[in-house]
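Asker:
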Amino acid sequence: MPTTFFGWVGFLLQQYGGLFFSGTCTTLLIALSGTFFGFIIGLLVAIVRTIEIPRGMGLFKRGLRKLAHMLIAVYIQVFRGTPMIVQAMVIYYGSMQYLGIDMDHTMAAILIISINTGAYMAEIIRGGIVSIDKGQFEAAHAIGMTHWQTMTSVVLPQAIRNILPSVGNELIVNIKDSSVLNVISVSELFFQAKSAAGTYFKYFEVYFIIACIYFVLTVTVSRILRFVEKKMDGPDSYVICGSQSDSRAEIVISKEQEKEVDRQWQSK
Amino acid sequence: MAEQVISIRNLTKAFGSNQVLRGIDFDANKGEVVCIIGSSGSGKSTLLRCINLLENPDGGQILYHGRDILTDESVSMPKYHAKVGMVFQQFNLFGNMNVLENCVAGQMKVLGRSHAESEKNALKYLEKVGMAEYRNAKPRQLSGGQKQRVVIARTLAMDPEVILFDEPTSALDPEMVGEVLSVMQNLAQEGMTMLVVTHEMGFARAVATQVVFMDQGVIAEQGAPDEVLGNPKHERLKSFLRSML
Ligand SMILES: Nc1ncnc2c1ncn2[C@@H]1O[C@H](COP(=O)(O)OP(=O)(O)OP(=O)(O)O)[C@@H](O)[C@H]1O
Ligand SMILES: [Mg+2]
Chain A
1 MPTTFFGWVG
11 FLLQQYGGLF
21 FSGTCTTLLI
31 ALSGTFFGFI
41 IGLLVAIVRT
51 IEIPRGMGLF
61 KRGLRKLAHM
71 LIAVYIQVFR
81 GTPMIVQAMV
91 IYYGSMQYLG
101 IDMDHTMAAI
111 LIISINTGAY
121 MAEIIRGGIV
131 SIDKGQFEAA
141 HAIGMTHWQT
151 MTSVVLPQAI
161 RNILPSVGNE
171 LIVNIKDSSV
181 LNVISVSELF
191 FQAKSAAGTY
201 FKYFEVYFII
211 ACIYFVLTVT
221 VSRILRFVEK
231 KMDGPDSYVI
241 CGSQSDSRAE
251 IVISKEQEKE
261 VDRQWQSK
Chain B
1001 MAEQVISIRN
1011 LTKAFGSNQV
1021 LRGIDFDANK
1031 GEVVCIIGSS
1041 GSGKSTLLRC
1051 INLLENPDGG
1061 QILYHGRDIL
1071 TDESVSMPKY
1081 HAKVGMVFQQ
1091 FNLFGNMNVL
1101 ENCVAGQMKV
1111 LGRSHAESEK
1121 NALKYLEKVG
1131 MAEYRNAKPR
1141 QLSGGQKQRV
1151 VIARTLAMDP
1161 EVILFDEPTS
1171 ALDPEMVGEV
1181 LSVMQNLAQE
1191 GMTMLVVTHE
1201 MGFARAVATQ
1211 VVFMDQGVIA
1221 EQGAPDEVLG
1231 NPKHERLKSF
1241 LRSML
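As you go down the protein sequences, you meet chains A and B in turn.
Read in the working numbering, the first sequence has 265 at position 265, and its numbers run on one by one without any break.
In the working numbering, each residue's number is its place in the second sequence (first place is 1) plus 1000.
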């Protein structure tokens, strides 16, 4: 048996490396798919909430819309107002005891994280949509686009770019908070660590290892997201096409040049 | 008799207890340029927004070639919107698209044109407003006057029959007002039907076929530009014109 701290870390890694690896994969799977489906839920909810009543909409449709808004409000309140660990218990055991559904643990975990994330995403995406100047909605409607076309081709691309940092934040939160789902016995990283730690009573060493793994995961993800944001902003320059037919007659204007011109003007 | 494109009959609109339009009537014939003037808050924007159904009027009729778009189910809304374009004070270019894409999106989505055809059409109108060179630029890289010219090209690309302009030059620096007005003047000469809310009295005098003076939700005076601007009868119109000098 090892005697030093690092000796134990090495030993445990050797012994349980495979377990930690599969736990990490499960954690990533749950966090990524939970964030993805949560995003989809949030998107749908946000689109429904922005629909305005068009001219001559019937009483029935109005009622339906009102009902939808009410359900959405309840959903958001409930899932933001209770801890995910409790939601997990309620949904998992509730569906088992009363609906007779014995869910696969991983599926159950993804379901719970998705619904929970959806409640937060709905608010984030709504914020993103509201941040787009109302004039762009009006301009799109004024050229005859439907609400759906306006949303998908004008508003959401901009809204999503604006909220990307918050979405990334949700993903990072999900990587960390998926650990609470060990209560429904999902074999994610924390759950695997628990069983590994128990065997040799080496709690500190095991949790030190998985702390490092969580840290590496979150840092890597935030780096990747920042890179994606930069990519999405596109080049800072544009090309002036001097002639429609002659593509050589081009002048590239970059942000730098524009700033230079601004400086020259200001110093005058 | 000239062909009526847009006719407004007894149009009313209130925001809560604020009665903004109190019964508006006028006709815009084919090829006419109707300039709508009036002091701030008199309901000019609301009128245009009602015509374009960005606001729901409370009562009255908006006749498009004699058919009431508020009640006649046979008028297709996307088609009506394509036929009645609108240019706003605040430009409202789509921020996620470059200049060319701005002019292409509506043609493809609303009119169902092919990409190639839309692009060809878009470039034709960008050329016309002098913005074809900037087809790859993003809206944030353009000046106000350039943005407004692109908006006009985007509107024209939908092959509209009428264009509504709501103070298209009010948000522009003085040196850019001219470039936009001259584009509009060209359109008028080519016979485009236009309803223009403007504070540019020079433009109204030179280009309008009809001037409408709105005051507190009604049309207080209306007629040929020489008459309305040169020989105002209403006291409020006189003081309004004095304040414009
Ligand atoms: N969405 C709205 N909700 C409530 N009140 C509104 C709304 N839009 C306009 N109003 C009110 O209607 C009145 C007329 O506004 P409108 O914008 O039509 O005036 P305008 O003639 O275009 O003025 P301006 O020259 O300043 O643009 C104003 O009193 C305004 O406060
Ligand atoms: Mg106005």
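Backbone N, C-alpha and C define an ideal beta-carbon position, used for all residues, glycine too.
Quick check on the DSSP output: what are the complete alpha helix (DSSP H) runs of length 4 or more inside the region 1011-1054 of chain B, in order along the chain?
Answerer: With a minimum length of 4 residues, the continuous alpha helix (DSSP H) runs that stay inside the region 1011-1054 of chain B are 1044-1051.
Asker: Would you list, in chain order, the members of the region 1093-1115 of chain B that have their beta-carbon closer than 7 Å to a beta-carbon of chain A?
Answerer: Correct list: PHE1094, GLY1095, ASN1096, ALA1105, GLY1106, LYS1109 and VAL1110.
Asker: At a cut of 8 Å, does the region 169-189 of chain A reach the region 18-32 of chain A through at least three beta carbon pairs?
Answerer: Yes: at least three Cβ pairs fall under 8 Å.
Asker: Which residues bound the alpha helix (DSSP H) around THR117 (chain A)?
Answerer: Within the first sequence, residue 117 (chain A) is the residue found at index 117, counting from 1. It spans 105-131 - the alpha helix (DSSP H) in which THR117 (chain A) sits, taken as one unbroken run.
Asker: Tell me which residues of the region 155-176 of chain A have at least one Cβ-Cβ distance to chain B shorter than 7 Å, keeping chain order.
Answerer: So the close ones are PRO157 and GLN158.
Asker: Does any residue of chain A have a CB that is nearer than 7 Å to the CB of GLN1090 (chain B)?
Answerer: Your numbering for residue 1090 (chain B) matches position 90 in the second sequence. True, the Cβ-Cβ gap to chain A drops below 7 Å.
Asker: For LYS1044 (chain B), verify whether its CB is less than 6 Å away from any heavy atom of ligand 2.
Answerer: As a position in the second sequence, residue 1044 (chain B) is number 44, starting the count at 1. LYS1044 (chain B) Cβ: within cutoff of ligand 2.
Asker: Is there a C-beta anywhere in chain A that falls below 7 Å from the one on HIS983 (chain B)?
Answerer: Since the displayed chain B opens at 1001 and closes at 1245, residue 983 (chain B) lies outside it and no answer follows.
Asker: Thinking just about the alpha-carbon of each residue, which of A:ALA196, A:VAL183 and A:LEU217 is nearest to the one in ALA109 (chain A)?
Answerer: Walking along the first sequence from the start, residue 109 (chain A) turns up at place 109. Considering only alpha carbons, the answer is A:VAL183.
Asker: When Cβ atoms are compared, which residues of the region 133-149 of chain A fall closer than 8 Å to chain B?
Answerer: If the cut-off is 8 Å between Cβ atoms, the region 133-149 of chain A has ASP133, GLY135, GLN136, GLU138, ALA139, ALA140, HIS141, ALA142, ILE143, GLY144, MET145, THR146 and GLN149 near chain B.
Asker: For ASN1121 (chain B), is the classification buried or exposed, using 16 other Cβ atoms within 10 angstroms of its Cβ as the cut-off for buried?
Answerer: For the purposes of this step, residue 1121 (chain B) is taken as the residue at position 121 of the second sequence. ASN1121 (chain B) should be labelled buried.
Asker: I want to check one thing, is the minimum distance from the CB of GLY1041 (chain B) to the heavy atoms of ligand 1 below 6 Å?
Answerer: If you number the second sequence from 1, residue 1041 (chain B) lands on position 41. Checking every heavy atom of ligand 1 against the Cβ of GLY1041 (chain B), one is found closer than 6 Å.
Asker: Is THR1193 (chain B) closer than 7 Å to VAL1005 (chain B) when the C-beta atoms are compared?
Answerer: Here residue 1005 (chain B) is taken as the residue at index 5 of the second sequence, counted from 1. Here residue 1193 (chain B) is taken as the residue at index 193 of the second sequence, counted from 1. Yes, these two residues count as a Cβ contact at 7 Å.
Asker: Can you find at least 3 beta carbon pairs, one from the region 1193-1212 of chain B and one from the region 1021-1038 of chain B, that sit closer than 8 Å?
Answerer: They touch, by the three-pair rule.
Asker: Pair every Cβ in the region 113-124 of chain A with every Cβ in the region 140-160 of chain A, then say whether three or more of these pairs are closer than 8 Å.
Answerer: Output reads no: the region 140-160 of chain A does not touch the region 113-124 of chain A.
Asker: By the criterion of Cβ-Cβ separation under 9 Å, what are the contact partners of SER153 (chain A) in chain B?
Answerer: In the first sequence, the residue the question calls residue 153 (chain A) occupies position 153. The contacting residues are PHE1094, ASN1096, MET1097, ALA1105 and LYS1109.
Asker: DSSP three-state call for VAL186 (chain A): helix, strand or coil?
Answerer: In the first sequence, counting from the first residue as 1, residue 186 (chain A) sits at position 186. Coil, per DSSP.
Asker: From ALA88 (chain A) to MET96 (chain A), what distance separates their C-alpha atoms?
Answerer: On the first sequence, position 88 is the one that residue 88 (chain A) refers to. On the first sequence, position 96 is the one that residue 96 (chain A) refers to. Rounded to the nearest angstrom, the two C-alpha atoms are 12 Å apart.
Asker: Could you confirm whether any beta carbon from chain A is found closer than 7 Å to the beta carbon of SER1078 (chain B)?
Answerer: On the second sequence, position 78 is the one that residue 1078 (chain B) refers to. The sequence shown places Pro at residue 1078 (chain B), rather than the Ser named in the question. With 7 Å as the cut-off, PRO1078 (chain B) counts as an interface residue toward chain A.
Asker: Is any beta-carbon of chain B found at less than 7 Å from that of ASP246 (chain A)?
Answerer: Taking the first residue of the first sequence as 1, we reach residue 246 (chain A) at position 246. Unreliable positioning characterises ASP246 (chain A) in this predicted model, as indicated by a pLDDT of 45, which lies under 50. The coordinate reading is nonetheless provided below. Not closer than 7 Å to any Cβ of chain B, the Cβ of ASP246 (chain A) fails to qualify, so no.
Asker: Taking 7 Å as the threshold (C-beta atoms), are VAL1084 (chain B) and PRO1168 (chain B) in contact?
Answerer: Within the second sequence, residue 1168 (chain B) is the residue found at index 168, counting from 1. Within the second sequence, residue 1084 (chain B) is the residue found at index 84, counting from 1. In this structure, VAL1084 (chain B) does not lie closer than 7 Å to PRO1168 (chain B) by Cβ.
Asker: Would you report the Cα separation of GLU1003 (chain B) and LYS134 (chain A), rounded to the nearest angstrom?
Answerer: The sequence position of residue 1003 (chain B) within the second sequence is 3, counting from 1. The sequence position of residue 134 (chain A) within the first sequence is 134, counting from 1. Rounded to whole angstroms, GLU1003 (chain B) to LYS134 (chain A) spans 35 Å at the Cα level.
Asker: Going by DSSP, name the residue or residues bridged to PHE1213 (chain B).
Answerer: Mapped onto the second sequence, residue 1213 (chain B) falls at position 213. In the DSSP output, where bridge partners are listed per residue, PHE1213 (chain B) has B:ILE1037 and B:GLU1221.
Asker: How would you label ASP1173 (chain B), buried or exposed, when you count the other beta carbons within 10 angstroms and need 16 or more for buried?
Answerer: The count along the second sequence starts at 1 and reaches residue 1173 (chain B) at position 173. ASP1173 (chain B) is exposed by the Cβ-count criterion.
Asker: Just to confirm, is the Cβ distance from MET1108 (chain B) to GLY1144 (chain B) under 7 Å?
Answerer: Walking along the second sequence from the start, residue 1108 (chain B) turns up at place 108. Walking along the second sequence from the start, residue 1144 (chain B) turns up at place 144. Result no, Cβ atoms of MET1108 (chain B) and GLY1144 (chain B) do not sit closer than 7 Å.
Asker: Who are the neighbours of GLY1054 (chain B) on chain A, taking C-beta pairs under 9 Å?
Answerer: Looking up residue 1054 (chain B) in the second sequence gives position 54. Per the sequence shown, the amino acid found at residue 1054 (chain B) is Leu instead of Gly. Per Cβ cutoff of 9 Å: GLU138, HIS141 and ALA142.
Asker: Checking the sheet assignment: what are the DSSP bridge partners for ILE1163 (chain B)?
Answerer: Here residue 1163 (chain B) corresponds to residue number 163 of the second sequence, with the count starting at 1. According to DSSP, ILE1163 (chain B) bridges with B:GLY1085 and B:MET1194.
Asker: Please determine whether the Cβ atom of VAL1020 (chain B) lies at a distance below 6 Å from any heavy atom of ligand 1.
Answerer: Position 20 of the second sequence, counted from the first residue, corresponds to residue 1020 (chain B). Indeed, a heavy atom of ligand 1 lies less than 6 Å from the Cβ.
Asker: Counting pairs of beta carbons, one from the region 1009-1025 of chain B and one from the region 1211-1226 of chain B, are three or more of them closer than 8 Å?
Answerer: The region 1009-1025 of chain B is in contact with the region 1211-1226 of chain B.
Asker: Taking a contact to mean a Cβ-Cβ separation below 7 Å, would you say LYS1013 (chain B) touches ASP1058 (chain B) in this structure?
Answerer: Here residue 1013 (chain B) is taken as the residue at index 13 of the second sequence, counted from 1. Here residue 1058 (chain B) is taken as the residue at index 58 of the second sequence, counted from 1. Closer than 7 Å, so yes.
Asker: Determine the DSSP secondary structure at LEU12 (chain A), reduced to helix, strand or coil.
Answerer: Locating residue 12 (chain A) in the first sequence gives position 12, counting from the first residue. LEU12 (chain A): helix per DSSP, three-state reduction.
Asker: Should PHE1015 (chain B) be listed as close to ligand 1, given that the test is whether its C-beta is under 6 Å from any heavy atom?
Answerer: As a working note, residue 1015 (chain B) is residue 15 in the second sequence. Yes, ligand 1 has a heavy atom inside 6 Å of this Cβ.
Asker: With distances taken from CA atoms, which of A:THR150, A:ILE30, A:LEU19 and A:VAL45 is nearest ASP104 (chain A)?
Answerer: The residue you call residue 104 (chain A) lines up with position 104 of the first sequence. Out of A:THR150, A:ILE30, A:LEU19 and A:VAL45, A:ILE30 has the C-alpha closest to the C-alpha of ASP104 (chain A).
Asker: What residue from B:LEU1048, B:VAL1162, B:LYS1128 and B:ILE1163 has the CA that sits closest to GLN1146 (chain B)'s CA?
Answerer: Residue mapping note: residue 1146 (chain B) aligns to position 146 of the second sequence, counting from 1. With distances taken between Cα atoms, GLN1146 (chain B) lies closest to B:LYS1128.
Asker: For chain A, check one thing: does any of its Cβ atoms lie closer than 7 Å to the Cβ of MET1192 (chain B)?
Answerer: Here the question's residue 1192 (chain B) lines up with position 192 in the second sequence. No, MET1192 (chain B) lies away from the interface with chain A (no Cβ there is under 7 Å from its Cβ).
Asker: Taking the alpha carbon of THR1046 (chain B) as the point to measure from, which residue in B:ASN1096, B:VAL1150 and B:ILE1024 has its own alpha carbon closest?
Answerer: Translated into the one-based positions of the second sequence, residue 1046 (chain B) becomes position 46. With distances taken between Cα atoms, THR1046 (chain B) lies closest to B:ILE1024.
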